[in-house]
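Novice: If you read the sequence shown in the numbering used here, its first letter stands for residue 11, the second for the next number, and so on.
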Amino acid sequence: MSTAITTTWHLARQAVAQLERLQPWAQLAARVYLAQVFFLAGLTKLRDWESTLLLFEHEYQVPLLSPTLAAFSGTAGELVLPVLLVLGLAGRLAAAGLFVVNAVAVLALPEIAPAALQQHQFWGSLALALLLWGPGRWSLDAWLARRLS
C-alpha cells in the first residue's frame with residue numbers, strides 16, 4: 011500500500027512539473043489575448059470619437075464620472091494598459107486596470123446579452139489570474155527583478 015501511494019505521489023509531482031513548464035506559455039498567451047481584446051476596443055472608440063462620446067452620454071451609465079471623462083479614461087485605459095500587459099511591464103497593475111475597465115463596462119450597460127456577459131466574465135477571470143499570479147517569467151517585470159536582485 012505504501013509503495014502505491016509513493017508511486018502515485020511521484021507520478022503526480024512529475025505531472026505537476028510538466029504542467030509548470032507550460033506556465034510561461036499560458037501567462038504569455040493570456041496577456042496577448044487580453045491585450046488584443048482591449049486594445050482593439052480602444053482603437054474602435056478612437057476611430058469614431060463622436061460616436062464614442064454619444065454612447066457614453068446616452069447609452070453607458072458609468073457611475074461617478076462625467077460621460078466625457080469616462081470616455082477619455084476608458085479609451086486611454088484600453089490603449090495604454092494592454093501595451094503594458096503585453097510587455098509584462100507593471101503587469102499586475104495593468105491586469106488590475108483592465109479588470110476594472112472590464113467591470114465598469116459590464117456595470118455601465120443597462121442591458122447585456124448573456125453571451126456578452128460570458129465573454130466579460132472570461133476576460134475578467136484572465137485579468138484576475140494575471141493579477142494574482144503575475145505576468146510570468148517572460149515579462150519585463152521578471153527581467154527587471156532578475157537584473158535588480
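Ideal Cβ positions, reconstructed from N, Cα and C, are used throughout, including at glycine.
1. Please state the DSSP three-state secondary structure of W148.
2. Quick check on DSSP: helix, strand or coil for I15?
3. Please report the straight-line C-alpha distance between R23 and S12, rounded to a whole angstrom.
4. How would you label P73, buried or exposed, when you count the other beta carbons within 10 angstroms and need 16 or more for buried?
5. Apart from the five residues on each side of it in sequence, which residues of its chain come closer than 8 Å, Cβ to Cβ, to S83?
6. Residues in the same chain with beta-carbon distance under 6 Å from W164, minus the five sequence neighbours each way, listed in chain order, please.
7. Can you tell me whether E88 is buried or exposed, with buried defined as 16 or more other CB within 10 angstroms of its CB?
8. Taking 8 Å as the threshold, find out whether the segment 96 to 105 comes into contact with the segment 50 to 58 through three or more Cβ pairs.
9. Between the beta-carbon of V96 and the beta-carbon of A45, is there less than 7 Å?
10. Out of T18, A155, V93, F48, point me to the one whose CA is closest to A115's CA.
Specialist: From the atom records:
1. Position 138 of the sequence shown, counting from 1, holds the residue named residue 148. Residue state, collapsed to three classes: coil.
2. If you number the sequence shown from 1, residue 15 lands on position 5. Reduced to three states, the DSSP call for I15 is helix.
3. The residue you call residue 23 lines up with position 13 of the sequence shown. The residue you call residue 12 lines up with position 2 of the sequence shown. Going by the C-alpha atoms only, they are around 16 Å apart.
4. Residue numbering aside, residue 73 sits at position 63 when the sequence shown is read from its first letter. The residue is exposed, with fewer than 16 neighbouring Cβ atoms inside 10 Å.
5. Translated into the one-based positions of the sequence shown, residue 83 becomes position 73. If we look at S83 and ignore the five residues flanking it on each side, its Cβ neighbours are L75.
6. A question about residue 164 goes unanswered here, because the residues of the chain that appear run from 11 up to 159.
7. Taking the first residue of the sequence shown as 1, we reach residue 88 at position 78. Burial call: buried.
8. no
9. For the purposes of this step, residue 96 is taken as residue 86 along the sequence shown, with counting starting at 1. For the purposes of this step, residue 45 is taken as residue 35 along the sequence shown, with counting starting at 1. In contact: V96 and A45 (Cβ atoms closer than 7 Å).
10. Here residue 115 refers to the residue found at position 105 of the sequence shown. Answer by Cα proximity: F48.
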